[in-house]
Amino acid sequence: MAVGAHPDDLEFGCPVTVRDLIKQGYEAYYVIATNGENGCKKKVKTRQERIDIRRGEQLDAAKKIGVKKVYFLGNRDGYLEYTETLRKKLTLLIKALKPEMVFSFDPANLDFSNINLFHRDHRITAVATFDSVFAAKNEFIYPHKNGLHKVEKMYFYGTNKPNYSLNITNDIDFKLNVLSSYASQFPNFENFSNFYKEFFRNQNPEYEFSEDFRVMDIIQFGY
Ligand SMILES: [Zn+2]
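Mapped onto the numbering used here, the consecutive letters of the sequence shown carry residue numbers 31 to 253.
1. Is residue 134 near residue 186, with beta carbons less than 8 Å apart?
2. Taking Cβ positions, are residue 226 and residue 196 nearer each other than 8 Å?
3. Residue 151: beta carbon under 7 Å from a heavy atom of ligand 1?
4. Between the C-alpha atoms of residue 172 and residue 236, what's the straight-line distance to the nearest angstrom?
5. Hey, is the segment 132 to 152 in contact with the segment 210 to 223, meaning 3+ C-beta pairs nearer than 8 Å?
6. When the Cα atoms are used, what is the spatial distance from residue 57 to residue 130?
7. Find the nearest neighbour of residue 32 within the set 99, 194, 78, judged by alpha-carbon distance.
8. Would you identify the three-state DSSP class for residue 38, choosing helix, strand or coil?
9. Looking at the secondary structure, which residues open and close the beta strand (DSSP E) in which residue 226 lies?
10. Considering only the beta carbon of each residue, do residue 328 and residue 188 sit closer than 8 Å?
11. Can you find the residues in the same chain that come closer than 7 Å, C-beta to C-beta, to residue 157, ignoring five residues on each side of it along the sequence?
12. Is it the case that the Cβ atoms of residue 166 and residue 124 are separated by a distance below 8 Å?
13. Enumerate in chain order the residues of its own chain whose CB-to-CB distance from residue 92 is below 7 Å, with the five nearest sequence positions on each side excluded.
14. Using C-beta distances below 7 Å, list every residue in its chain close to residue 222, excluding the 5 sequence neighbours before and after it, in chain order.
15. The beta strand (DSSP E) spanning residue 242 covers which residue range?
16. DSSP has residue 124 in a bridge; who is on the other side?
17. Ordered along the chain, which non-local residues of its own chain (more than five positions away) have a Cβ less than 8 Å from that of residue 163?
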């Protein structure tokens, strides 16, 4: 289960890693906290049109990766609040889907070094997801007919403290192809593609391109 704040967060964060897990036999589910409508650069009239565009782009990208289902939580882009409703929805999805791994932004990223990475929707989604992994291992917090569920590992993408990197140098065209689903974000995809390769090259000095995570092994904390 991979949780993003906006359509495209997961395509920046972990598309090759998720695709590889699917190839190994896992099922993947996406959860998108907001509609992303205020990040839509296409000139369209109504808010609903912008929501439809961004949801359509997310579904297209998820299809390329092989994701089984995308859950849209439907919150307003840029206005996400940490509410009990948000935590409850995420907890019940974890109890229903029983994922071994949960992907999210890193709630430990709190140095506010990048205006986009530290977007409040990203921060709130990260903390709510973390708290929901905790709540899911308790049968009494938001009870579900499936009972409690213990997630084994959390993978934090967009992290400032990576401890695991997947070499995606041979998959960079796949990642860019997935990102190209977001026509409303990248009106000139060639420009974006060049920028991406410059900006993200050797993020991990060992690899030309990589997906980097802080992986938290939850089982080690003694469940
Ligand atoms: Zn985002």
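Just so you know, even glycine gets a beta-carbon here, dropped at the ideal spot from N, CA and C.
According to the structure shown:
1. Here residue 134 is near residue 186, since their CB atoms are less than 8 Å apart.
2. The answer is no: Cβ separation not under 8 Å.
3. For ligand 1, at least one heavy atom lies less than 7 Å from the Cβ of residue 151.
4. Between residue 172 and residue 236, the C-alpha separation is close to 43 Å.
5. Inter-segment contact for the segment 132 to 152 and the segment 210 to 223 is absent: fewer than three beta-carbon pairs are separated by less than 8 Å.
6. Distance between the alpha carbons of residue 57 and residue 130 is about 10 Å.
7. Just measuring C-alpha positions, the residue of 99, 194, 78 sitting nearest residue 32 is 99.
8. DSSP, reduced to helix, strand and coil, places residue 38 outside both helices and strands of the structure shown, so it counts as coil.
9. The continuous stretches of beta strand (DSSP E) do not include residue 226, which lies in the alpha helix (DSSP H) extending over residues 219 to 230.
10. The question about residue 328 has no answer, for the chain in this structure spans 31 to 253.
11. 112, 137.
12. It is a contact, given that the beta carbons lie within the stated cut-off.
13. Within its own chain, the residues whose Cβ lies closer than 7 Å to the Cβ of residue 92, once the five positions on either side in sequence are excluded, are 60, 100, listed in chain order.
14. Around residue 222, the same chain offers 216 as residues with beta carbons nearer than 7 Å, after the five sequence neighbours per side are excluded.
15. Under the DSSP assignment, residue 242 falls in the beta strand (DSSP E) whose first and last residues are 240 to 247.
16. The partner list for residue 124 (beta bridge, DSSP) is empty, contrary to what the question assumes.
17. Within the same chain, residue 163 has close Cβ partners 124, 132, 181, 184, 248.
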